[in-house]
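Those letters in the sequence shown? Residues 90 to 501, by this note's numbering. These notes concern the structure reproduced below.
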Amino acid sequence: MTTAKIDFEELFDAAPNPYLVLDADLVVRHANRAYLRVTGRSREDLLGRYILEVFPDTAGAPEAARDFGASLQRVLDSHAPDLVAPRRFDMPVDGKPGEVEERWWCGMSSPVLGTDGDVKWIIARADDVTELMQSPAVRKLTQPLSNQVTGIAAQVYARSHDLEQLNEQLRQAHAREREIAATLQEVMLRSPDLDRHRDIAVRYLPASGSLNVCGDWYDVVDLPPDRYSVAIGDVVGHGLEAAAIMGMLRSALSAAIRAVPSPAQALEVLGLYARAVEGALATTVAKVLIDPRSRLIVYSNAGHPPPILLSPDGSCRLLDQATDPPLGARPEHVPRPQAGLSYLRGDTLVLYTDGLIERRDEDIDIGLARLIDTLARCGTLPVEELADVLLARMGVSGGGQDDDIALVVVRL
């Protein structure tokens with residue numbers, strides 16, 4: 090394998106911090122773009138000139154150039170880096186010939202040794218610390234700080250600005266990732282059949298700190314002549330990998346229920362498919378088939394928290410008579426159970442993932458009881474309002490702290 094030749098001038102120019110490269114005679118040999126930007130100089134002003142000729146003493150700081158020059162000499166003599174505490178060195182004001190503005194700088198110079206052990210180059214970094222030195226905290230000091238303390242403070246200040254710039258770049262990158270992730274999740278959870286059901290409300294909330302993508306999902310599928318199915322599932326994990334697995338399982342289950350309109354058989358098909366998808370095992374899924382003509386609910390559950398059927402009088406029934414282990418939990422294929430129950434017009438079916446009821450410091454049954462109590466108190470609200478109230482009363486309106494949340498509310 091061939092290795093590309095490194096262009097060090099290009100590397101220096103790409104650096105976000107201001108650098109000069111001097112030779113052993115303290116002649117400027119290179120200035121990167123950041124250095125030219127902060128000093129307002131051009132390369133023609135600098136290259137090939139002795140450093141103290143380029144930056145002589147100024148009226149406002151008659152000893153600054155001497156101090157920087159002494160620091161460079163210490164690098165030559167000691168073959169070790171040297172730090173210069175902040176010194177005032179005024180700079181010309183753009184567009185105002187003859188005018189200067191007060192500027193403060195600290196410097197760090199490091200030697201580059203040749204094969205003979207002598208200093209061949211000096212890499213000098215200059216940091217603008219004007220804001221620090223003009224701050225009220227520094228100006229109010231009755232006793233000036235020592236050069237060492239001031240120098241350390243200036244270096245910390247300069248590094249903090251580096252971190253601020255890096256954090257801003259990370260924030261921008263993270264914002265772009267979140268935007269992409271949100272679009273991805275929206276596409277993956279899109280259900281054309283859901284748009285035809287005004288009596289169904291859905292909510293999806295990612296775990297705090299996630300990229301707006303997760304392994305929780307919901308789906309609504311219309312089945313001829315006038316039945317429909319509702320599914321909710323939870324893939325282990327968070328992030329893009331879990332979301333990718335979720336997308337495959339959701340699509341597979343959506344296809345399976347259209348081919349075999351039996352919740353148990355559809356979950357059996359999904360379980361067999363999950364064995365071929367890395368990371369899909371231990372996924373939990375609840376699948377419900379609703380027949381408005383016979384007012385019958387048929388369901389099967391693969392290790393998922395039980396859906397809840399709420400009556401207008403506040404009474405609740407758990408759909409927990411056909412519960413089986415999560416996908417792939419058994420080494421051999423076993424037919425999944427299926428159960429049914431009747432409902433009345435005006436009843437409400439609620440499906441959810443465990444992020445809605447599970448809390449780190451309490452048993453999950455306590456969270457389930459809290460959800461049932463909330464439904465009993467607020468179950469007659471319109472479905473969109475009810476979905477929002479459930480999230481608020483369960484304390485997760487802003488998203489789950491540790492887990493993702495999916496919620497489906499169906500007015501039957």
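All C-beta atoms in this analysis are idealised placements derived from N, C-alpha and C, irrespective of residue type, glycine included.
Environment of PHE101 [buried if 16+ CB atoms lie within 10 Å]: buried
Assign GLY32 to buried or exposed, taking buried as 16 or more other Cβ atoms, counted over all protein chains shown, within 10 Å of its Cβ. The structure shown does not extend to residue 32, since the chain spans only 90 to 501, so no value can be given for it.
Taking only beta-carbon positions, decide if VAL291 is within less than 9 Å of chain C. Absent from the structure: chain C. Only one protein chain is present.
Are PRO471 and ARG434 closer than 9 Å when you measure CB to CB? no
ALA391 - DSSP class collapsed to helix/strand/coil: Three-state DSSP puts ALA391 in a strand.
Note the first and the last residue of the continuous alpha helix (DSSP H) segment covering MET483. Note, MET483: premise wrong, no alpha helix (DSSP H); not H, not E.
Would you mind giving the Cβ-Cβ distance between ALA391 and GLN410, rounded to the nearest angstrom? I have them listed as a contact below 8 Å. In fact, because the Cβ distance is near 14 Å, the residues do not count as touching under 8 Å.
Can you tell me whether DSSP reads TYR124 as helix, strand or coil? Correct three-state label for TYR124: helix.
Determine the extent of the beta strand (DSSP E) in which ALA213 is found, giving its start and end residues. 208-217
On the CB-based measure, 16 or more other CB atoms within 10 Å of its CB, does ILE95 come out buried or exposed? exposed
Can LEU361 and VAL374 be called in contact, C-beta distance under 9 Å? no
Tell me which same chain residues have a C-beta within less than 6 Å of the C-beta of LEU283, skipping the five on either side of it? VAL309
SER383: which of VAL358, ASP156 and SER431 sits nearest, CA to CA? SER431
Is VAL110 closer than 9 Å to VAL117 when the C-beta atoms are compared? Yes, they are a contact pair.
Mind checking whether ASP443 and ASP492 have CB atoms under 9 Å apart? Going by beta carbons, ASP443 and ASP492 fall inside the 9 Å limit.
From the DSSP output, read off the bridge partner residues of LEU430. Looking at the DSSP assignment, LEU430 forms a beta bridge with ILE386.
Skipping 5 residues on each side, what residues in its chain have a beta carbon closer than 8 Å to that of ARG192? ARG177, PHE178, ASP179, MET180, ASP217 and THR219
According to DSSP, GLY196 sits in a beta bridge with which residue or residues? VAL173 and ALA215
Taking the continuous beta strand (DSSP E) assigned at VAL377, which residues delimit it? For VAL377, the uninterrupted beta strand (DSSP E) run begins and ends at 373-380, by DSSP.
Measuring CB to CB, does TYR293 end up less than 9 Å from ILE494? Result yes, Cβ atoms of TYR293 and ILE494 sit closer than 9 Å.
Taking the alpha-carbon of ASP171 as reference, which of ALA215, LEU136 and VAL143 has the nearest alpha-carbon? ALA215
Can you tell me whether DSSP reads ALA355 as helix, strand or coil? In the structure shown, ALA355 falls within a helical segment according to DSSP collapsed to helix, strand and coil.
With 16 other CB atoms within 10 Å as the buried threshold, where does HIS393 fall? buried
So, helix, strand or coil for VAL238, using DSSP? Low confidence applies here, because VAL238 scores a pLDDT of 46, under 50, leaving its location unreliable; read the following figure in that light. Helix at VAL238.
With DSSP as the reference, please indicate the residues paired to CYS303 in a beta bridge. Residue pairing by DSSP puts CYS303 in a beta bridge opposite HIS327.
For the putative contact between CYS303 and HIS286, defined by C-beta atoms under 8 Å, what is the C-beta separation to the nearest angstrom? The pair is not a contact, with the Cβ atoms about 23 Å apart (cut-off 8 Å).
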